[in-house]
Every structure is written in structure tokens, then in C-alpha cells.
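Student: Using the numbering used here, the first residue of the sequence shown is number 301, and each one after it goes up by one. In this text, a Cβ means the ideal position worked out from N, Cα and C, and glycines have one as well. What you are looking at is a predicted structure, and each value in this text was computed from that prediction instead of being measured. Before I ask anything, let me first share the structure, which is written out below as C-alpha cells.
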Amino acid sequence: MHRIMVANPKGGSGKSTLAIHLASWFARNDELVYLADLDRQQSTRNWLRERPGHLAPIHHWDVDSDEFDKPPANCTVAVLDTPAGLHGKRLKLFLNEMDKVVVPVSPSRFDMLASREFFEELSEMKAVRKDRVDIGVVGMRVDPRTIASRQLVDFLQQFDLPLVTCIRQAQRYVHAVETGVTLFDGGTVDPVDLIQWKPLLDWLVRRR
301 MHRIMVANPK
311 GGSGKSTLAI
321 HLASWFARND
331 ELVYLADLDR
341 QQSTRNWLRE
351 RPGHLAPIHH
361 WDVDSDEFDK
371 PPANCTVAVL
381 DTPAGLHGKR
391 LKLFLNEMDK
401 VVVPVSPSRF
411 DMLASREFFE
421 ELSEMKAVRK
431 DRVDIGVVGM
441 RVDPRTIASR
451 QLVDFLQQFD
461 LPLVTCIRQA
471 QRYVHAVETG
481 VTLFDGGTVD
491 PVDLIQWKPL
501 LDWLVRRR
């Protein structure tokens with residue numbers, strides 16, 4: 301089983317957008333995908349209810365906010381969407397069960413400052429120090445050719461974390477959240493989007 305957590309202490313950072321797209325991509329590639337949502341708002345669970353039945357199936361599994369309930373044994377890819385403010389014992393609990401952690405970050409000064417303590421906390425976690433889990437950062441709503449993306453790279457170097465890729469801002473992501481259909485569920489993916497997503501997808505499927 302491949303276990304992926306999407307986490308960031310700040311609300312509105314793009315966690316759910318990433319989670320549903322990752323779940324959809326793995327499902328389209330014939331994986332048995334389970335998606336869990338720790339947020340009280342249950343955004344991804346509501347998204348699953350909107351998802352058309354003819355698309356590649358994504359299953360929901362319930363996870364208690366204070367303990368890790370393992371997905372069913374037949375699961376091949378588990379994606380965990382987390383709430384804002386995840387830290388301390390709860391962060392440690394879920395981190396210990398993961399293979400990869402994806403952290404979406406906007407290149408704004410406020411977002412980077414909000415992420416600083418989170419990255420510092422991650423660096424102190426035993427699972428990270430012992431190299432049991434991989435951490436990768438995704439720049440959200442940013443053009444990789446801009447000064448903002450370079451500033452994000454410089455910021456992440458303080459923590460020895462890779463900027464895996466940057467995802468541009470586009471209305472299609474808003475549409476995906478509202479309709480249950482992601483970029484990967486259509487007939488053809490925009491080449492620009494595919495170029496941006498490929499480094500992240502390659503990083504996720506890369507085994508130790």
C-alpha cells in the first residue's frame with residue numbers, strides 16, 4: 301500500500317485540490333484508491349458524493365481525528381486530506397503512518413511565514429529524521445517562471461526541502477472541486493497542466 305498525506309497548517313492552501321487530483325490520477329491508473337478527510341468540513345468526502353459514477357472509482361474511508369484507522373486491506377493507494385492547524389501529537393500520529401507527505405504552499409509572504417513553524421516541527425519528527433517518510437512541497441497558484449517561485453525555492457532551502465513542482469492558478473481547479481471531476485478525468489489533459497503535474501506524480505510513485 302502506498303500512503304500519501306496532504307498537509308499544511310494554513311487553511312485555503314490547496315490541500316483538498318491536491319488530494320482529489322492525486323486520488324483521481326491513481327484511480328485512472330487502475331489503483332484501488334481510498335480517500336480520507338480529517339477536516340470537519342469534509343470537503344473531499346462531499347466531493348466524492350458529486351463524483352459521476354462512470355469515472356474511475358475512488359472510495360472513502362473513515363479516519364478518526366485522534367487516531368489512525370487503517371484503510372481496507374485491499375487498498376493500494378491511500379490519500380489523506382488533513383485540516384488546517386494539524387500539529388503536535390496528531391501530526392506525529394498520522395506522519396508515522398505515511399510514505400509521502402505533500403505540502404502545498406503559496407509563494408506569498410504570509411503563507412511562507414505560516415509554513416515556517418510547520419517545517420521546523422516536521423524536521424524534529426522522528427519519522428522525518430530517520431528518513432522513514434519523504435516530504436515534498438508543491439507551489440500552489442504560482443507560475444514557475446516568476447520571481448515568486450524563485451523566492452519559494454530560496455525559502456525552502458532553509459529546511460532542505462524540495463520544491464517538487466508548481467501548479468498554476470486556473471478556473472478548472474475550482475470547477476473540479478464543484479463537480480467531482482478532476483483534470484485527469486477528461487479525455488485530454490492540457491499539456492501545460494501535464495507538464496506541471498508530472499514531477500509530482502513521478503515523485504509520488506518513486507519507491508525508496
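(1) Output the boundary residues of the alpha helix (DSSP H) element that contains Lys498.
(2) Which two residues bound the contiguous alpha helix (DSSP H) that contains Leu380?
(3) Which partner residues does His302 have in the DSSP bridge list?
(4) Using a Cβ-Cβ cut-off of 8 Å (strictly less than) and excluding sequence neighbours within five positions of His475, which residues of its own chain qualify?
(5) Who are the near neighbours of Phe459 in its chain, counting only those whose CB is closer than 7 Å to its CB and skipping five residues on each side?
(6) Residue ranges of each alpha helix (DSSP H) run of no fewer than 4 residues wholly in the segment 404-468, ordered along the chain?
(7) Could you check if Val492 is buried or exposed, using at least 16 other CB atoms within 10 Å of its CB as the buried criterion?
(8) First and last residue of the alpha helix (DSSP H) that includes Leu332?
(9) For Lys426, does the count of other Cβ atoms within 10 angstroms reach 16, so buried, or fall short, so exposed?
(10) Quick one: give me the first and last residue of the alpha helix (DSSP H) that His359 is part of.
(11) Between Ala327 and Ile495, what straight-line distance do the alpha-carbon atoms span, to the nearest angstrom?
(12) Determine the extent of the alpha helix (DSSP H) in which Arg390 is found, giving its start and end residues.
(13) Quick one: any contact between the segment 398-412 and the segment 359-366, if contact means 3 or more CB pairs under 8 Å?
(14) Rounded to whole angstroms, how far is the Cβ of Leu395 from the Cβ of Val402, which I believe are closer than 8 Å?
Tutor: On the basis of the coordinates in this document:
(1) Stepping through the sequence shown from its first residue, residue 498 is reached at position 198. That run of the alpha helix (DSSP H) goes 491-505.
(2) Mapped onto the sequence shown, residue 380 falls at position 80. Where Leu380 is concerned, there is no enclosing alpha helix (DSSP H), although the beta strand (DSSP E) it sits in stretches over 377-381.
(3) Taking the first residue of the sequence shown as position 1, residue 302 is located at position 2. Bridge partners of His302: Val377.
(4) Position 175 of the sequence shown, counting from 1, holds the residue named residue 475. Within the same chain, Cβ atoms closer than 8 Å to the Cβ of His475 are found at Val481, the five residues on either side in sequence being excluded.
(5) Working through the sequence shown from its first residue, we reach residue 459 at position 159. Counting only Cβ-Cβ distances below 7 Å, and skipping sequence neighbours, we find Phe419, Ser423.
(6) The segment 404-468 contains, as complete alpha helix (DSSP H) runs of 4+ residues, the segments 409-424, 426-429, 447-457 (chain order).
(7) As a position in the sequence shown, residue 492 is number 192, starting the count at 1. Flag for Val492 reads exposed.
(8) As a position in the sequence shown, residue 332 is number 32, starting the count at 1. Bounds of any alpha helix (DSSP H) do not take in Leu332, whose DSSP letter is neither H nor E.
(9) Position 126 of the sequence shown, counted from the start, is the residue given in the question as residue 426. With fewer than 16 other beta carbons inside 10 angstroms of its own, Lys426 counts as exposed.
(10) For the purposes of this step, residue 359 is taken as the residue at position 59 of the sequence shown. No alpha helix (DSSP H) contains His359, which is instead part of the beta strand (DSSP E) from 358-360.
(11) Sequence index remark: in the sequence shown, residue 327 carries index 27 (1-based). Sequence index remark: in the sequence shown, residue 495 carries index 195 (1-based). Taking the straight line from one Cα to the other gives about 19 Å.
(12) Residue mapping note: residue 390 aligns to position 90 of the sequence shown, counting from 1. Segment 388-395, the alpha helix (DSSP H) holding Arg390.
(13) The answer is no - the segment 359-366 does not touch the segment 398-412, with fewer than three Cβ pairs under 8 Å.
(14) Here residue 395 refers to the residue found at position 95 when the sequence shown is read from its first residue. Here residue 402 refers to the residue found at position 102 when the sequence shown is read from its first residue. In this structure, Leu395 and Val402 do not form a Cβ contact; the two beta carbons are roughly 12 Å apart against a cut-off of 8 Å.
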